[in-house]
Amino acid sequence: LMWAARKGALEIVKVLLDHGADVHARDKDGMTALIWAAKAGHPDVVESLLAHGAKVNVKDKDGMTALIWAAKEGDLAVTRVLLAHGADVHAGDKNGMTALLWAAKKWYLAVVKVLLAHGADPNVKDRYGRTALKVAAKIGHQEIVQLLRKAGAKE
113 LMWAARKGAL EIVKVLLDHG ADVHARDKDG MTALIWAAKA GHPDVVESLL AHGAKVNVKD
173 KDGMTALIWA AKEGDLAVTR VLLAHGADVH AGDKNGMTAL LWAAKKWYLA VVKVLLAHGA
233 DPNVKDRYGR TALKVAAKIG HQEIVQLLRK AGAKE
């Protein structure tokens, strides 16, 4: 199931799920089929896994949720599917990096916009005290800086 999810093989995913594949199974890194599908950018597979009971906020061994992976990869479609299914915009990885922090760090303006629209806190800090604003300002992405300030980000 994880292989099919990672490859975006929707029909194989559906057959496996219909024949009892464990949607909650994990690999050695704590990754589930949902996390793999989100990381690899397959919104249709993500949707199917969620429809079959996958837990939207499950974390891998590094504390990464499917939403954090989608934001880190800049995948707007997957981000939207996960948010529509109640993904936690405030979840952070083992270093406290939220989906918003990752999207700001990687220059994904559209993902930043969607996360803010779904209530992501622009003032959340990671374990090193960095906010999305600080990260975006450091790398010089002025559009993201302006967007975060407009959303209430403080220095």
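Residues in the sequence shown are numbered from 113 upward in steps of one, following our numbering. Where is the CB? At the ideal position from N, CA and C, for every residue including glycine.
Subject >> Unbroken stretches of the alpha helix (DSSP H), 4 residues or longer, contained in the segment 123-195 >> reply: Here the runs fully enclosed are 145-152, 155-163, 178-185.
Subject >> Closest by C-alpha distance to D187, when choosing among A152, K167, A196, K206 >> reply: Nearest neighbour of D187 by Cα position, chosen from A152, K167, A196, K206, turns out to be A152.
Subject >> Beta-carbon proximity list for G120, same chain, < 7 Å, skipping 5 on both sides >> reply: So the qualifying residues of the chain are A152, H154, V157.
Original post:
When the Cα atoms are used, what is the spatial distance from E185 to L212?
Top reply: Our two residues, E185 and L212, have alpha carbons roughly 12 Å apart in a direct line.
Subject >> Which listed residue (K126, K171, L129, Q254) has its alpha carbon closest to that of D139 >> reply: Among K126, K171, L129, Q254, the Cα nearest to that of D139 belongs to K171.
**OP:** Report the partner residues of T210 according to the DSSP bridge assignment.
**Re:** In the DSSP output, where bridge partners are listed per residue, T210 has G204.
**OP:** Go ahead and label E255 buried or exposed: buried means 16 or more other beta carbons lie within 10 angstroms of its beta carbon, across all protein chains shown.
**Re:** Burial call: exposed.
Subject >> Neighbourhood of D174 by C-beta distance below 6 Å, restricted to the same chain and skipping five residues each side >> reply: Excluding positions up to five away in sequence, the list reads D205, K206.
Original post:
CB-CB under 6 Å to R118, same chain, minus the five flanking residues each way: which ones, in chain order?
Top reply: Taken in chain order, the residues that qualify are W148, A152.
Subject >> Three-way DSSP call (helix, strand, coil) for W115 in this model >> reply: Helix at W115.
Subject >> Cα-Cα separation between M143 and A166, rounded to whole angstroms >> reply: Cα-Cα distance, rounded: 12 Å.
Subject >> Whole-angstrom C-beta distance between V168 and H136, which should lie under 8 Å >> reply: Not quite, the Cβ-Cβ distance comes to about 12 Å (not below 8 Å), so this is no contact.
**OP:** Write down the C-beta distance between W214 and I180 rounded to the nearest angstrom, noting that I regard them as a contact closer than 8 Å.
**Re:** Indeed, because the Cβ distance is near 6 Å, the residues count as touching under 8 Å.
Subject >> For E123 and R252, the rounded distance between their alpha carbons >> reply: The sequence given here places Gly at residue 252; Arg does not occur at that position. The alpha-carbon atoms of G252 and E123 are separated by roughly 42 Å.
**OP:** Identify, in the order they occur along the chain, each residue of the same chain with its Cβ nearer than 6 Å to the Cβ of A178, setting aside the five sequence neighbours on each side.
**Re:** Sequence-distant partners of A178 (beyond 5 residues in either direction) whose C-beta falls short of 6 Å from its own C-beta, in its chain, are L146, I147, A150, L194.
Original post:
If you run the structure through DSSP and keep just helix, strand and coil, what is K266?
Top reply: Coil at K266, not helix or strand.
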